[in-house]
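Student: Line by line, the protein sequences give chains A and B. Counting with full-length UniProt numbering, you get residues 1 to 201 for the letters of the first sequence. Counting with full-length UniProt numbering, you get residues 1 to 201 for the letters of the second sequence. Backbone N, C-alpha and C fix where the C-beta goes; we use that ideal spot for every residue, glycine too. Model, not experiment: these values are computed from the prediction.
Number of protein chains: 2
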Amino acid sequence: MPTDATLPARARAGDELRQAALEQFATVGFAATSLQQIADHAGYSKSSVLYHYASKEALLEAATTPAIEKLEVLVAEFAAGRRSDAARGAFIARFVDLLLGERLAVHLFVSQGHSLRGIPAIERGNAAIRVLADAICTGASLAEQMRFGVALAGATYALVAGATFFDDDEMSQLVTSYSDDDVRAALIDVLTELLIPAAGR
Amino acid sequence: MPTDATLPARARAGDELRQAALEQFATVGFAATSLQQIADHAGYSKSSVLYHYASKEALLEAATTPAIEKLEVLVAEFAAGRRSDAARGAFIARFVDLLLGERLAVHLFVSQGHSLRGIPAIERGNAAIRVLADAICTGASLAEQMRFGVALAGATYALVAGATFFDDDEMSQLVTSYSDDDVRAALIDVLTELLIPAAGR
DNA sequence: ACAGAGTCTGACCGATCGGTCAGCTACCGT
DNA sequence: ACGGTAGCTGACCGATCGGTCAGACTCTGT
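(1) If contacts are defined as beta-carbon pairs under 8 angstroms, then Arg94 (chain A) and Leu71 (chain A) qualify, I think. What distance do you get, rounded to the angstrom?
(2) How about Leu99 (chain B) and Val106 (chain B): are their beta carbons less than 8 angstroms apart?
(3) Cβ closer than 7 angstroms: which chain A residues qualify as neighbours of Leu194 (chain B)?
(4) Using a cut-off of 7 angstroms between C-beta atoms, extract the partners of Leu142 (chain B) located in chain A.
(5) Which word fits Gln112 (chain B), buried or exposed, when buried means at least 16 other C-beta atoms lie within 10 angstroms of its C-beta?
(6) Consult DSSP for Ala151 (chain B) and reduce its assignment to one of helix, strand or coil.
(7) Would you mind listing the alpha helix (DSSP H) stretches within the stretch 47 to 131 of chain B that are 4+ residues and don't spill past its ends, in chain order?
(8) Could you give the distance in angstroms between the alpha-carbon of Gly139 (chain A) and the alpha-carbon of Glu69 (chain A)?
(9) Would you check if there are 3 or more beta carbon pairs closer than 8 angstroms linking the stretch 147 to 158 of chain A to the stretch 138 to 152 of chain B?
(10) If I'm right that Leu60 (chain A) touches Lys46 (chain A) with Cβ under 8 angstroms, what's the distance once you round it to whole angstroms?
(11) Per the contact definition of three or more C-beta pairs closer than 8 angstroms, is the stretch 14 to 26 of chain A in contact with the stretch 40 to 57 of chain A?
(12) Answer yes or no: does any C-beta atom of chain B fall closer than 8 angstroms to that of Leu174 (chain A)?
(13) Beta-carbon within less than 7 angstroms of Cys137 (chain A)'s beta-carbon, same chain only, minus the 5 sequence neighbours each way: which residues are those?
(14) Under a Cβ-count criterion, where at least 16 other Cβ atoms within 10 Å of its own Cβ denotes burial, should Glu193 (chain A) be classed as buried or exposed?
(15) Let me see if you follow: with CB-CB separation under 8 angstroms, is Tyr157 (chain A) close to chain B or not?
(16) How would you call Arg82 (chain A), buried or exposed, if buried means at least 16 neighbouring beta carbons within 10 angstroms?
(17) Since Ala32 (chain A) meets chain B, which of its residues come closer than 7 angstroms, beta carbon to beta carbon?
(18) Is the shortest distance between the beta-carbon of Thr64 (chain A) and the beta-carbons of chain B less than 8 angstroms?
(19) Got a sec? Which residues, its chain only, sit under 8 angstroms from Asp180 (chain B) by beta carbon, not counting five neighbours each side?
(20) Look at the Cβ atom of Arg31 (chain B), then the Cβ atom of Ala127 (chain A), and state whether they are nearer than 8 angstroms.
(21) Which residues of chain A have a Cβ atom closer than 8 angstroms to the Cβ of Val190 (chain B), listed in chain order?
(22) Does the beta-carbon distance from Ala97 (chain A) to Ile196 (chain A) come in below 8 angstroms?
(23) For Ala158 (chain A), name the three-state secondary structure that DSSP assigns.
(24) CA-CA distance, Gly125 (chain A) and Ala80 (chain A)?
(25) Going by DSSP in three states, residue 234 (chain A) sits in which element: helix, strand or coil?
(26) Determine whether the beta carbon atoms of Thr27 (chain A) and His114 (chain B) lie at a separation below 8 angstroms.
(27) What residue range does the alpha helix (DSSP H) around Ala39 (chain A) cover?
(28) Whose CA, out of B:Leu104, B:Val49, B:Asp15, lies closest to the CA of Gly29 (chain B)?
(29) To the nearest angstrom, how far is it from the Cα of Ile129 (chain A) to the Cα of Ala76 (chain A)?
(30) Taking only the alpha-carbon atoms, compute the straight-line gap between Leu191 (chain B) and Gln37 (chain A) and give it to the nearest angstrom.
(31) Just how far apart, CA to CA, sit Ala121 (chain B) and Ala186 (chain A)?
(32) Would you grab the beta carbon distance between Ala135 (chain A) and Phe78 (chain A) for me? Rounded to a whole angstrom, and I think it's under 8 angstroms.
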């Protein structure tokens with residue numbers, strides 16, 4: 001008896017498992033997450049997980065691919081485009097939106113991207129980050145590289161990891177008590193301040 | 001036949017194992033690191049690891065405790081002291097030095113602190129971070145919270161994770177090609193710019 | 001020379017991991 | 001009414017995990 005008869009069973013189960021896997025991978029870690037845990041969280045059996053996804057790795061790939069594709073598009077456009085202040089501003093806004101829209105995948109990627117080498121989906125993300133880093137670093141001073149690194153890594157970690165950090169044991173008087181819109185605006189301000197010298201204060 | 005006969009055997013083996021464990025935990029992840037790997041990297045047997053440390057958890061605790069104690073001291077002094085610009089400046093410099101001096105432990109803590117809940121040593125570190133966050137957030141605007149979050153998380157991640165990110169597969173034309181002193185100076189500049197409005201440009 | 005403590009190791013244990021497989025059930029086209 | 005297929009599951013497999021244990025080797029004090 002399906003809870004939602006309007007959806008095709010195949011896609012529903014697949015999506016539920018993918019979502020449960022993403023949550024576990026991001027919060028507990030890929031290596032520390034067992035297929036049994038994912039199955040339990042989604043309300044299926046371990047065998048069902050392996051029916052829908054060929055392996056644990058394939059499940060990771062399915063869970064991260066959408067976010068990585070968005071990142072690739074964003075990075076490619078930034079790398080190709082001009083470095084004008086307007087282009088930077090647009091990049092910042094889209095970057096923040098990507099962070100907010102794909103919190104779990106980004107968190108997974110940021111904190112485990114290094115230790116999950118060799119998995120194709122992760123490697124694609126690493127490659128995108130490298131392209132971004134190259135675009136930032138070519139012809140930039142160490143100070144400017146540092147500004148970019150601090151800004152992007154800081155925004156990423158403050159939002160994604162920081163949010164999950166305070167979420168579970170106490171409902172935190174912190175970031176989570178603000179709406180995503182407020183956070184988005186404040187974050188864009190800080191990044192703009194850091195990366196667009198002319199526009200800031 | 002010891003390689004360094006001047007050192008007492010007990011401390012030497014213990015230190016070597018602790019260091020090897022820290023490296024593996026930080027780069028591969030705690031859950032994904034087996035005692036066998038640690039033993040291999042340090043040149044001992046798995047049994048030896050468990051002779052010197054009662055369990056895998058105890059090994060993690062031994063590997064992280066020094067860095068966490070330094071963090072606790074730093075945070076406690078910052079939380080107790082005044083919020084003057086001078087105090088902030090001193091905090092920034094000491095924070096950066098802690099990052100640079102304890103790269104591996106910080107990386108471990110930052111990227112796995114959330115998933116390793118319940119382990120006492122990790123919990124101590126999380127508590128310290130929480131104290132720091134409270135000290136920053138009480139009576140601060142969202143924008144200011146965001147500035148602090150981005151600055152500290154960004155500095156941490158850009159340095160520690162960024163360095164290990166580019167290290168292995170290519171010797172990187174990036175951060176690692178600069179001396180620690182250069183990085184330290186540039187990083188302190190960026191953080192000062194962000195956190196001490198008066199002092200910046 | 002000998003006893004004993006400290007260091008180290010291989011063999012072994014139960015538990016759990018990712019993954020395979022045969023079979024059960026429900027639905028669908030004919 | 002019935003064969004086929006998609007979705008799902010429990011039983012099972014070899015490998016590997018963290019951890020235990022009894023013994024081997026070395027060094028030291030007497």
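Tutor: In brief:
(1) Wrong, their Cβ atoms sit about 10 angstroms apart, outside the cutoff.
(2) yes
(3) Leu194
(4) Tyr178, Asp182, Ala186
(5) buried
(6) Under the three-state reduction of DSSP, Ala151 (chain B) is assigned to helix.
(7) Complete alpha helix (DSSP H) runs here, min 4: 56 to 80, 85 to 101, 103 to 112.
(8) Those two C-alpha atoms are separated by around 27 angstroms.
(9) yes
(10) Taking C-beta atoms under 8 angstroms as the contact rule, Leu60 (chain A) and Lys46 (chain A) fail to qualify, at a distance of about 16 angstroms.
(11) Taking 8 angstroms as the limit for Cβ pairs, the verdict is that the stretch 14 to 26 of chain A does touch the stretch 40 to 57 of chain A.
(12) Per-residue confidence for Leu174 (chain A) stands at a pLDDT of 49, beneath the threshold of 50, marking its modelled position as unreliable; no derived number is given.
(13) Gln145
(14) By the neighbour-count rule (16 or more Cβ atoms within 10 Å), Glu193 (chain A) is buried.
(15) yes
(16) exposed
(17) Ala31, Ser115
(18) no
(19) For Asp180 (chain B), same chain residues with a beta-carbon under 8 angstroms away, outside a window of 5 residues either side, are Leu100 in chain order.
(20) The residue asked about is misnamed: residue 31 (chain B) is Ala in this sequence, not Arg. Contact: no.
(21) Ala143, Met146, Arg147, Val150, Leu194
(22) Note that residue 97 (chain A) corresponds to Asp in the displayed sequence, not to Ala. No. Outside cutoff.
(23) helix
(24) 18 angstroms
(25) Lying outside 1 to 201, the shown extent of chain A, residue 234 (chain A) is not represented and no answer is given.
(26) yes
(27) Ala39 (chain A): member of the alpha helix (DSSP H) spanning 35 to 42, first to last residue.
(28) B:Leu104
(29) 10 angstroms
(30) Here the alpha carbon of Leu191 (chain B) sits roughly 41 angstroms from the alpha carbon of Gln37 (chain A).
(31) 34 angstroms
(32) 6 angstroms
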